[in-house]
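K.L.:
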Amino acid sequence: MTRFDTATAVTPTAEGRYAADLDPGYLIGKAMNGGYLMAVMQRAALAASPHPHAVSSSFHFLRPAGPGPAEVEATVLKSGRTVTTVRLDLRQGDTLAVTGTIATGTMDGAAQPEYTVAPPAVPPIGECRRYDPRIAARAASSGEPTEEQYAQATKDVADFTGRVAQYYSEDTWRRFRGADPEPVPELLGHVHLAEEDGDPVPADTALFLPLAVDALPPVVTVFGTWRWAPTVELTWHMRAVPEPGPLVFRSRADVVSDGWFDETVDLWDVKGRLVAQSRQLARGGR
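The sequence shown begins at 1 in UniProt numbering and counts up by one.
#1: Does DSSP classify Tyr131 as helix, strand or coil?
#2: Tyr115 by DSSP, collapsed to three states: which one?
#3: Which class does Leu22 belong to by DSSP, given the choice of helix, strand or coil?
#4: Which of the three DSSP states is assigned to Arg175 in this structure?
#5: Under the three-state reduction of DSSP, which class applies to Tyr150: helix, strand or coil?
#6: Quick check on the DSSP output: the beta strand (DSSP E) that includes Asp94 runs from which residue to which?
#7: Just verifying my parser: in three-state terms, what is the DSSP assignment at Thr2?
#8: Would you verify that the beta carbon of Ala110 is, or is not, closer than 7 Å to some beta carbon of chain B?
#9: Looking only at DSSP bridge pairs, what is Arg279 linked to?
#10: Using DSSP with H/G/I as helix, E/B as strand and the rest coil, what is Glu243?
#11: Should Tyr18 and Phe160 be called a contact, given that it needs their Cβ atoms to be closer than 7 Å?
#12: Expressed to the nearest angstrom, what Euclidean distance is found between the alpha-carbon atoms of Thr106 and Arg177?
#13: Count the other CB atoms, across all protein chains shown, that sit within 10 Å of the CB of Leu274; report buried if there are 16 or more and exposed otherwise.
#14: Could you give the distance in angstroms between the alpha-carbon of His51 and the alpha-carbon of Lys30?
#15: Just mark Trp260 as buried or exposed, buried being the case when its beta carbon has 16 or more other beta carbons within 10 Å.
#16: Tell me where the beta strand (DSSP E) around Leu187 begins and ends.
#17: How is Leu46 classed by DSSP in three states: helix, strand or coil?
#18: Are the beta-carbon atoms of Ala97 and Arg129 separated by less than 7 Å?
#19: Tell me whether the segment 229-249 and the segment 207-214 touch, counting them as touching only if at least three CB pairs, one residue from each stretch, are closer than 8 Å.
#20: Could you give the distance in angstroms between the alpha-carbon of Asp94 and the alpha-carbon of Ser49?
#21: Just confirm the distance between the C-beta atoms of Leu193 and Phe61, as a whole number of angstroms; I'd bet it's less than 8 Å.
#22: Out of Thr82, Tyr115 and Ala165, state which residue places its alpha-carbon closest to the alpha-carbon of Glu195.
#23: Excluding five sequence neighbours on each side, which residues of the same chain lie with their C-beta closer than 7 Å to the C-beta of Val252?
#24: Considering only the beta carbon of each residue, do Leu188 and Pro120 sit closer than 7 Å?
This is the structure in structure tokens:
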């Protein structure tokens with residue numbers, strides 16, 4: 001069992017109720033990453049469903065969740081031969097943190113698309129830059145960060161980026177560093193789960209998808225906004241059963257205005273198949 005499997009495991013405690021222990025390794029600052037919470041809730045939905053795949057998922061993030069015990073309530077709204085829909089609530093104590101719905105189904109791993117969007121031209125992982133917390137500290141300080149700023153940036157995300165390895169194209173890296181005078185809100189690169197030695201995790205990549213669509217820095221960071229940007233709502237779709245291995249990602253925004261921004265993330269597997277699409281609405285960095 002990988003540490004991701006352990007961190008997202010749920011244990012049935014009663015009909016439609018599951019206990020979880022939220023792992024502090026998936027904190028971003030003081031709040032659990034939203035993609036990690038979706039991955040935990042997905043485990044409960046799949047446990048309550050006869051189908052193995054979360055084909056359509058939609059979540060509203062009401063309050064931040066912290067590490068430690070949590071309960072997921074899973075209510076089957078409709079169970080069918082091809083689709084079973086499950087409503088989910090994640091609580092810590094009396095506090096409802098996340099609510100959502102997952103439609104589960106059984107996808108054919110050998111299916112070939114009649115039409116699909118090709119992946120973007122992203123260099124191999126070996127030619128990309130692995131995420132370094134110092135770029136966040138540098139952006140926040142408008143120059144070379146102090147030791148205190150670097151220590152805080154590292155503390156905020158070091159455990160998370162050790163578990164979710166992120167590699168960025170050179171163009172994206174320049175935007176992160178503030179070297180692009182007219183930055184475009186788009187991020188390109190690779191992402192994969194990592195074990196303690198940094199190697200990719202030999203796990204079911206389909207279970208990683210909800211974390212992967214929400215694992216990247218907010219796309220507005222290209223404008224120097226390295227602050228918490230809370231997700232209000234996120235919907236994602238699984239489009240194919242992914243092959244094991246790193247995923248290519250493209251994250252982009254269409255509108256950044258009035259303290260709000262949208263973010264679309266597409267993921268392709270090692271065979272170049274589009275395996276997940278997400279769309280979220282978030283508040284600007286605060």
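Quick reminder that beta carbons are idealized off the backbone N, C-alpha and C, glycines included.
P.N.:
Reading off the structure:
#1: Coil.
#2: Tyr115: coil per DSSP, three-state reduction.
#3: Leu22 falls in the strand class under three-state DSSP.
#4: DSSP places Arg175 in helix when its eight states are reduced to three.
#5: Low confidence applies to Tyr150: its pLDDT is 49, below 50, so where it sits in the model is not reliable enough to give any reading.
#6: Counting along the chain, Asp94 sits inside no beta strand (DSSP E), nor does DSSP assign it H or E at all.
#7: Note: Thr2 maps to coil in three-state DSSP.
#8: Included in the structure is just one protein chain, with no chain B present.
#9: Residue pairing by DSSP puts Arg279 in a beta bridge opposite Thr235 and Thr264.
#10: In the three-state DSSP reduction, Glu243 falls in the coil class, being neither helix nor strand.
#11: No, Cβ-Cβ distance for Tyr18 and Phe160 is not below 7 Å.
#12: In a straight line, the C-alpha of Thr106 is about 43 Å away from that of Arg177.
#13: Buried.
#14: For His51 and Lys30, the distance between alpha carbons rounds to 34 Å.
#15: Exposed, by the Cβ-count rule.
#16: Start and end: Glu186 to Leu193.
#17: Residue state, collapsed to three classes: helix.
#18: No, Cβ-Cβ distance for Ala97 and Arg129 is not below 7 Å.
#19: Yes, they touch.
#20: If you take the alpha carbons of Asp94 and Ser49, they lie about 26 Å apart.
#21: The C-beta distance from Leu193 to Phe61 rounds to 22 Å, too long to fall under 8 Å, and the pair is not in contact.
#22: The shortest C-alpha separation from Glu195 is found at Ala165.
#23: Per the sequence presented here, residue 252 reads as Arg, with Val not at that position. Shown here for Arg252: same chain residues with a beta carbon closer than 7 Å to its own, the five before and five after excluded, namely Pro185, Glu186, Val219 and Thr264 in chain order.
#24: Contact: yes.
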